[in-house]
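The structure under discussion appears below in the form of structure tokens.
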Amino acid sequence: MATTTTTIKPLFPLSPSSLNKIVPFTTNHLFSFKPFSDSISISRQQHQRQLVAVSVAFNPSGNYDMSLFDDDDDDEQDSSKPEPPLPPKQGRIDVVIDNDIIRSLDLSPFQNATGITSPSSIIDPKEFLDRTIGFTINYTREDPRDPRELSEFPDIRLWFVRLDATYPWLPVLLDWRAGELARYAAMLVPHQMNMKMGVVFNPEALELFVMKKVFLVYSWLKQHHVPKPRLKTKDMARMLGFGIGDELFDLVDKHPPA
């Protein structure tokens, strides 16, 4: 099979030494990974695992002024810092969880706050799409000096894994602009924390996560007769750095599940 090369742009500027490197990432004509800054050439036949920072303004610590670079480079690096997320959307539904809730895998705070008691209990998702949903995680570390971010604690991640398994279409209802989609993805996708760029995802794992959600969300929106389901699904994927082509939706519509 002939090698095909796709040009992408990194969502967050990588370190200067990495900008000239070939970063492998699988893609095809149905969707593309489209970050913002300088171009990097991607070859489909290369399969080394690398990390890619995504186009979301999200840093779980809120340490947006922290830098891995010397102060002398501040002017040059300021433009590469992700913008902090916007404040929570006014009137959004806030789900509050704490250590006890997390360790008991109790989804009742989500169910009580949203009124979504089961995956089939939503009759009309319009209210949730308008208001959006966010999470307040009141987690007390056993060791106050523990430097890990919330998305690096196994028990927190497990709670979100159960939540996602129960409500797999939930990402489309989150408060994206306030960073909730990015944090949600961080709970479910392997990543590293970078003090400058925030969450840096494993690209192959992120690709699989996004495409699975694209199929799920698109079908769910159509099932509930939400206007412009393609556009809403594309917007969700774009928040994590992926551009989805209409060809993919054409194939899904042509071969619907039985």
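Per the working numbering, residue 1366 is the first one in the sequence shown, and the count goes up by one each step. For every residue, glycine included, the Cβ atom is placed at its ideal position computed from N, Cα and C. This one's a predicted model, so the numbers in the text were calculated from it and none came from an experiment.
Assigned exposure category for residue i - 16 Cβ within 10 Å defines buried
i	result
D1436	With a pLDDT of 40 at D1436, under the threshold of 50, the predicted position of this residue should be treated as unreliable, and no value is reported.
A1530	exposed
I1466	buried
D1618	exposed
T1497	buried
M1560	exposed
I1480	Just to set this straight, residue 1480 is Gly in the shown sequence, not Ile. Exposed: under 16 other Cβ atoms inside 10 Å.
K1593	exposed
P1450	buried
T1368	Because the pLDDT of T1368 is 43, which lies under 50, any placement of that residue in the model is unreliable, and the number read from its coordinates should be weighed accordingly. Flag for T1368 reads exposed.
A1623	exposed
T1482	exposed
W1524	buried
T1505	exposed
L1470	exposed
D1508	exposed
D1540	buried
Closest by C-alpha distance to residue i, when choosing among the options
i	options	result
P1536	E1517, G1610 and F1574	F1574
M1552	V1579, R1542, D1508 and R1513	R1513
M1576	K1593, M1562 and L1605	L1605
P1474	I1462, G1563 and S1483	I1462
Y1549	M1560, D1618 and Y1532	Y1532
H1556	E1569, E1545 and G1544	E1569
F1607	R1496, R1510, R1468 and E1572	E1572
I1487	W1585, F1614 and I1609	W1585
R1457	A1547, R1506, R1542 and S1469	R1542
D1459	L1451, Q1476, K1578 and T1482	Q1476
G1610	R1510, Y1583, L1523 and Q1588	Y1583
V1526	A1623, R1603, R1506 and R1468	R1468
K1625	M1601, G1563 and V1565	Since the first residue of the chain shown is 1366 and the last is 1623, residue 1625 is not available in this structure.
L1616	Y1504, A1547 and F1580	F1580
P1453	F1614, M1558, A1623 and G1499	G1499
I1502	L1538, E1545 and P1509	E1545
K1597	G1563, V1565 and L1538	L1538
H1589	V1554, R1510 and S1485	S1485
V1554	F1614, L1472, R1603 and R1522	R1522
Those residues which DSSP pairs with residue i across a bridge
i	result
G1499	D1459
V1564	M1558
L1539	I1498
Backbone secondary structure at residue i - three-state DSSP
i	result
N1559	strand
V1554	coil
I1521	helix
I1609	strand
D1669	Summary: the structure shown does not reach residue 1669, with the chain confined to residues 1366 through 1623, and so no result is reported for it.
Y1532	coil
Q1442	With a pLDDT of only 48 at Q1442, under the threshold of 50, the placement of this residue in the model should not be trusted; the figure read from the coordinates follows. DSSP places Q1442 in helix when its eight states are reduced to three.
E1514	coil
L1451	coil
T1479	helix
R1527	helix
R1506	coil
I1488	coil
V1591	coil
A1623	coil
L1616	helix
Exercise. Okay, do the region 1512-1529 and the region 1480-1497 touch, 3+ Cβ pairs below 8 Å being the bar?
Worked result: Here the region 1512-1529 makes no contact with the region 1480-1497; the two share fewer than three CB pairs at distances below 8 Å.
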